[in-house]
Each structure stands twice: as C-alpha cells, then as structure tokens.
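Peer 1:
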C-alpha cells in the first residue's frame with residue numbers, strides 16, 4: 082500500500098492568515114515544490130488566495146495540488162455558527178473548483194480550555210447542551226462540504242473541546258462514518274496523553290487523513306505543568322521537526338505497511 086504525503090503552510094510557521102511575519106503565500110508554494118512535494122493544504126483560511134483565478138495558474142505552473150482546506154473555529158458557540166457556515170460555503174466552493182476532496186474541521190483553541198491542554202483529568206468539559214450544539218454544527222459543516230464533493234474530517238486539537246480520547250470517542254459515536262471522517266494528528270495525540278502509533282491502529286476504520294507532527298517531551302512537560310497554553314507552548318517549540326522529538330517516525334514506519 083502506498084501513501085500520499087503533502088506539505089502544509091504550518092511547516093513555515095503559518096498559524097493565522099494575518100500574521101505580519103508570515104512568508105508570502107507564493108514562497109510557500111514554490112518551496113513546497115522545491116522540496117519535492119506534489120501537494121499541500123490551503124492552511125489557515127485566507128492565507129492562500131480564495132480565488133481560483135489567482136491560485137490555479139500558480140499551482141499548475143508548479144505542478145502542485147491542494148489536498149485539503151481547513152475550518153478552524155469555535156464550533157460550540159451559538160453566536161458564531163452562521164459565520165462559520167458562511168465561511169464553510171465559501172471555502173468549499175473554492176475547494177470544489179480546485180478538485181480538492183478533504184475539509185479538515187477543528188474546534189478552535191479557546192480561553193477556557195487552553196490552560197488545560199494536555200490535562201485530561203482537569204480540563205473543563207462542555208455541557209451536554211453545548212456538546213449537542215457542537216455536533217450539530219459539525220454535521221451542518223459536513224453537509225455543506227458534501228454538497229461540494231468534499232469530505233469533512235474532524236481533527237482533535239489541543240486546547241479545543243475535541244482533544245482527549247473520551248471526546249474523540251464521543252464525537253465518533255455521535256457522528257456517523259457517512260457524515261464525517263477522522264483526521265488524527267500525531268503531535269496532538271501525544272499532547273493529549275495518547276499513544277500516537279497505537280491510536281492510528283485503534284481508529285483505522287474511521288481514519289481518512291493524518292497530520293504528522295512530533296513533540297519535544299521535555300518542553301511538553303514544562304508547558305503543560307506551567308499551564309501556559311498550546312500556542313505559547315508552540316512558541317517554545319513544543320512541536321518540532323519529526324527527527325527532533327519523540328522519534329515518532331520510527332514507530333509509525335513499523336505499523337504503516339502492516340496495520341493501516
């Protein structure tokens with residue numbers, strides 16, 4: 082079995098579209114191609130142009146494809162729902178024009194959960210009412226995506242309300258495989274006190290997409306104990322190059338061909 086591996090703007094430190102220190106979007110495209118990749122994600126909403134007339138010629142010139150887009154928003158907040166759904170419609174329209182088949186859906190890091198990233202026993206949880214609301218929001222996002230020929234995949238993320246194993250399991254119970262797929266991120270799995278390699282095996286029947294990240298264990302312990310939050314931890318390089326941290330790639334290599 083073969084696997085397609087792509088890049089993403091976060092490899093250049095792009096975590097939001099409006100950061101003045103971001104590289105130019107075309108630099109990311111060009112360096113993706115120079116690194117030997119054939120595809121990359123759109124990254125944060127608005128980082129790459131949301132205009133197919135602008136981006137398509139650049140992609141074709143570099144022989145690149147967009148493999149996924151991302152919705153990263155507070156999915157349990159009623160006041161935000163209509164804006165999130167409107168953003169989803171616009172983004173999925175672009176993905177359809179680019180023949181991109183995946184939409185990564187992330188409940189954003191929030192103030193209430195951020196200090197408890199990596200602390201499953203202490204993190205505050207959503208009420209049942211807000212959880213049901215969040216599931217319905219995801220269901221509506223997935224329905225919009227499906228209308229555009231795109232599959233929504235939910236990404237458990239440190240500092241959001243879908244982070245820990247019990248939350249992932251509950252989400253997968255509430256949302257069918259037909260409705261949504263699963264995107265597991267090896268770095269976020271480690272952050273959430275889960276074994277990344279074993280998690281890929283455990284969830285393989287629901288797994289559509291994988292993000293590969295690594296974690297520096299010593300930095301991770303510091304930032305979790307200090308409760309400084311996920312992005313402050315990233316500023317300390319808690320997430321690192323695959324060869325620098327948990328040595329995750331050596332464990333994944335053993336399971337990729339035999340178990341997934």
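Residue numbers (the working numbering): 82 to 341. Every residue gets a Cβ at the ideal spot worked out from N, C-alpha and C, and that includes glycine.
1. Taking contact to mean at least 3 C-beta pairs separated by less than 8 Å, is the stretch 166–186 in contact with the stretch 229–245?
2. Determine, using beta carbons only, whether residue 318 and residue 297 come nearer to each other than 8 Å.
3. Which residue wins for smallest C-alpha separation from residue 162, given the options 263, 219 and 201?
4. The beta strand (DSSP E) with residue 315 in it runs from where to where?
5. For the structure I just gave you, are there three or more beta carbon pairs, one from the stretch 264–272 and one from the stretch 121–132, closer than 8 Å?
6. Which full runs of the beta strand (DSSP E) of 3+ residues lie inside the stretch 126–189, going along the chain?
7. With respect to the beta strand (DSSP E) encompassing residue 122, which residues constitute its N-terminal and C-terminal limits?
8. Ordered along the chain, which non-local residues of its own chain (more than five positions away) have a Cβ less than 7 Å from that of residue 113?
9. Relative to the alpha-carbon of residue 183, which residue among 314, 168 and 147 has its alpha-carbon at the smallest distance?
10. Determine the closest residue to residue 111 out of 158, 280 and 136, with distance taken between C-alpha atoms.
11. As a quick exercise: from 115, 124, 116 and 118, pick the residue whose alpha carbon is nearest that of residue 106.
12. Relative to the alpha-carbon of residue 160, which residue among 202, 85, 211 and 281 has its alpha-carbon at the smallest distance?
13. What's the gap between the Cα of residue 305 and the Cα of residue 195?
14. Between which two residues does the beta strand (DSSP E) containing residue 290 stretch?
Peer 2: By the coordinates alone:
1. yes
2. yes
3. 219
4. No beta strand (DSSP E) contains residue 315, which is instead part of the alpha helix (DSSP H) from 311–316.
5. no
6. 146–154 and 183–188
7. 120–122
8. 88, 121 and 145
9. 147
10. 136
11. 124
12. 211
13. 10 Å
14. 288–292
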